[in-house]
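Numbering (UniProt numbering), first residue to last: 1 to 259.
For every residue, glycine included, the Cβ atom is placed at its ideal position computed from N, Cα and C.
Note that this is a predicted model, so its numbers are computed, not measured.
All remarks here apply to the structure that follows.
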């Protein structure tokens, strides 16, 4: 019980922290997720402008391509953050439409200014009450965001509602070890079929190691002194890095499909 209270308190602290960072962010702060690298390396071909963000991009790419091609499809990303993943996937995977949704008004303002692409749109909204009709999307993407949602089961219900039959929920996130059993139970009870699911701690740790200098530069620039005790960047040696190493946290990637 105490662990759950601490986890919820941590989420409440991080929400205003991310809003604060979004208001201060320069145009190069496009990703807030951790990182990902395989062995052998993924070696995604990237434009020079994308190369500094290689390891967060690879987490997006691996998540979004779990169920095949997204070309010509209608995509919703819930929890789009600073929109770097949405812009990358729109440019490279060629969906017919890509909508990025986030509760953070400052983040959506940033996204609308920074990412202007013909098929890409950003909407302020609640993950637990999606402002879209039923069966509106061919795929829903969610990257490292759902652990902040107060009612994960409501979010899954909304994902199921807005997906078309045969649509895919392409998902990756992290949980403390003591939440993993309930996490799995919620996914299995979502009304969607789990096509694949795996722990990716090793790949995320490898990505963090390779991306540490990038995150340190961003964190030093954006995080004032009062945020340092409560927030931390995903860097080698940080607590979140150590927790992945020891198994105190489990980072997983899933593909679910609506019948």
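In the DSSP assignment, find the alpha helix (DSSP H) that holds residue i and state where it starts and stops.
i: residue 201; result: 201–222
i: residue 180; result: 180–188
i: residue 106; result: 105–114
i: residue 68; result: Counting along the chain, residue 68 falls outside any alpha helix (DSSP H), and DSSP gives it neither H nor E.
i: residue 90; result: 84–93
i: residue 130; result: That residue, residue 130, is in no alpha helix (DSSP H); it is neither H nor E in DSSP.
i: residue 245; result: 239–246
Is residue i buried or exposed, if buried means 16 or more other CB atoms sit within 10 Å of its CB?
i: residue 177; result: exposed
i: residue 156; result: buried
i: residue 56; result: buried
i: residue 3; result: Caution is warranted here: a pLDDT of 48 is assigned to residue 3, below 50, making its placement in the model unreliable, and the coordinate value is therefore given only provisionally. By the 10 Å Cβ count, residue 3 comes out exposed.
i: residue 51; result: exposed
i: residue 6; result: Reliability fails at residue 6, whose pLDDT of 49 lies under 50, so the model's placement of it is uncertain and no value is given.
i: residue 256; result: buried
i: residue 252; result: buried
i: residue 196; result: exposed
i: residue 182; result: exposed
i: residue 61; result: buried
i: residue 116; result: exposed
i: residue 213; result: exposed
i: residue 135; result: exposed
i: residue 131; result: exposed
i: residue 185; result: exposed
i: residue 249; result: buried
i: residue 175; result: buried
i: residue 35; result: buried
i: residue 73; result: buried
i: residue 107; result: buried
i: residue 129; result: exposed
i: residue 105; result: exposed
i: residue 247; result: exposed
i: residue 235; result: buried
i: residue 133; result: exposed
i: residue 102; result: buried
i: residue 167; result: buried
Tell me which residue opens and which closes the beta strand (DSSP E) that residue i is part of.
i: residue 172; result: 163–176
i: residue 124; result: 120–124
i: residue 149; result: Unbroken run through residue 149: none, as it is neither H nor E.
i: residue 249; result: 249–258
i: residue 101; result: 97–102
i: residue 138; result: 137–143
Report back the beta-carbon spacing between residue i and residue j to the nearest angstrom; my notes put them in contact at under 8 Å.
i: residue 239; j: residue 232; result: 6 Å
i: residue 260; j: residue 259; result: The requested residue 260 is not part of the displayed model; the chain covers only 1 to 259.
i: residue 100; j: residue 111; result: 6 Å
i: residue 53; j: residue 84; result: 6 Å
i: residue 64; j: residue 93; result: 7 Å
i: residue 203; j: residue 38; result: 6 Å
i: residue 127; j: residue 149; result: 5 Å
i: residue 189; j: residue 58; result: Actually they do not touch by this definition, with Cβ atoms about 30 Å apart.
i: residue 152; j: residue 146; result: 6 Å
i: residue 243; j: residue 114; result: The pair is not a contact, with the Cβ atoms about 31 Å apart (cut-off 8 Å).
For residue i, list the residues DSSP reports as bridge partners.
i: residue 81; result: Bridge partners of residue 81: none, in fact.
i: residue 76; result: 99, 140
i: residue 197; result: 254
i: residue 192; result: 258
Below 8 Å, can you find three or more Cβ-Cβ pairs linking the segment 169–184 to the segment 129–145?
-> yes
Does the pairing of the segment 64–75 with the segment 39–48 give three or more beta-carbon distances under 8 Å?
-> no
Counting Cβ pairs, one atom from each stretch, are 3 or more of them under 8 Å apart for the segment 75–85 and the segment 122–141?
-> yes
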